[in-house]
Amino acid sequence: MSEDMKVKEAVESESREGSVLTKKDIDKAYFRWWMTAEISANYERMQGLAYGASMIPILEKLYPEKEDLSEALKRHLAFFNSEATWGSMIFGSAIAMEEERAKHKKMPGEMITSYKTGLMGPVAGIGDTVDLATIFTLVSAFCCSFAMKGSLAAPIIMFLLGAAMYVEGLIFHRVGYKMGRSSVKNIMSSGKLKDMINGANMIGMFMMGALSAGLVRLSTVVKTKSFNLQETLDSIAPGILPLLVIFLAYFGLKGRKMSAPKIVILIILVCVVGSLLKVL
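For the sequence shown, position 198 (counting from the first letter as 1) is numbered 244 according to our numbering, and the numbering increases by one without interruption.
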């Protein structure tokens, strides 16, 4: 029997069993995510710490074995950056995927990571545009007129806006969990697991490349009256210095097995020395 057929039978068998997670568990995880999503932001993991912390009650219930729990927690402590309200769809779907993985052990952890990485950028683009740039900005501007007059309507409206966004995110979270769970079962049952992994990896790599190009900044100030090194590099390949930094950081992490904090400290030292030497 092929591996895909075994996976299909396992999924069909497990789908008859009840979920170990309750509605309360799902909503509790969302509450933790909503309260912490923007608190732990840092340049190494962005919202990754909040994501991992929010998943702890779920993972503890799904993975009673310490080794499995540790592996799952590491998976959700990775870099994650999205708009918190709309990003709750990804959060809910990831819970559903972890639930399926805990049941039949056939889903690779890389599939969950690639799924999150591939969707966090597009979802953030929608959430930032609709909620933050449009709704939040318009309502805030509207409330400013009340605030300037000393009216209590301003804080009340802003509070109601926050409550509305919380409910909006909760709905997205529940929908993501329900849809994610069924879509994962369909993928596993159809035998298209490898195609899904390859597609998710491609999207994930594309999004990480786009994030790197937008977040990494490096240029040189070396120039003379007749020569400008930065302009020359840009004419050859725009952004070649940031790309070099990314490759060197990747080599340090994978090739030299250096930790992320060491990489960050090394980059800071190089930038300081380069600035003192008037090279960067």
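Where a beta carbon is used, it is the ideal one built from N, C-alpha and C, also for glycine.
Everything numeric in this text was worked out from a predicted model, so none of it was measured.
| Query | Result |
| --- | --- |
| 8 Å Cβ cutoff met for Tyr-97 and Phe-126 | yes |
| For Phe-125, the first and last residue of its enclosing alpha helix (DSSP H) | First-last for Phe-125: undefined, no H or E at that position. |
| Cβ neighbours of Glu-90 in the same chain (closer than 6 Å, five flanking residues each side left out) | Ala-306 |
| Local Cβ density within 10 Å of Ile-202, reported as buried at 16 or more and exposed below that | exposed |
| One or two residues paired with Met-92 in a DSSP bridge | Phe-126 |
| Classification of Ser-272 by the beta-carbon crowding that lies within 10 angstroms, buried from 16 upward | exposed |
| Rounded separation between Ala-124 and Gly-94 - CA only | 5 Å |
| Cβ shell of Met-211 (< 6 Å), same chain only, five flanking positions each side left out | Thr-131 |
| Residue ranges of each alpha helix (DSSP H) within the stretch 170-196, 4 or longer | 183-194 |
| As assigned by DSSP and simplified to three states, the class of Lys-70 | helix |
| Nearest-angstrom beta carbon gap, Leu-207 and Val-185 [assumed within contact, 8 Å] | 5 Å |
| Straight-line gap, Leu-290 to Leu-165 (C-alpha atoms, nearest Å) | 26 Å |
| Lys-271, DSSP secondary structure in three states | coil |
| Beta carbon of Met-135 nearer than 8 Å to that of Val-213 | no |
| CB contact flag (Ala-140, Tyr-109, <8 Å) | no |
| Integer-rounded CB distance, given that Ile-286 should sit under 8 Å from Leu-294 | No, Leu-294 and Ile-286 are not in contact; Cβ-Cβ is about 12 Å, not under 8 Å. |
| Lys-331 (DSSP reduced to helix, strand or coil) | Missing from the structure shown is residue 331; the chain here goes from 47 to 326 and no further. |
| With 16 other Cβ atoms within 10 Å as the buried cut-off, status of Lys-54 | Because the pLDDT of Lys-54 is 48, which lies under 50, any placement of that residue in the model is unreliable, and the number read from its coordinates should be weighed accordingly. Burial call: buried. |
| Proximal residues to Leu-115 (C-beta, below 6 Å), its chain only, five neighbours per side dropped | Leu-105, Tyr-109 |
| Cβ pair Ile-309, Gly-298 closer than 8 Å | yes |
| Distance CB(Cys-317)-CB(Leu-326) smaller than 8 Å | yes |
| Ile-158 vs Glu-144 beta-carbon contact at 8 Å | yes |
| Length of the line joining the Cα atoms of Glu-84 and Met-101 | 15 Å |
| Straight-line gap, Tyr-296 to Gly-255 (C-alpha atoms, nearest Å) | 12 Å |
| Distance between Lys-120 and Met-304 (C-alpha atoms, nearest Å) | 17 Å |
| CB of Ala-170 within 8 Å of CB of Ser-197, strictly | no |
| Three-way DSSP call (helix, strand, coil) for Gly-138 in this model | helix |
| Contacts around Asp-174, its chain only, beta-carbon distance under 7 Å, and the 5 residues preceding and following it disregarded | Glu-129 |
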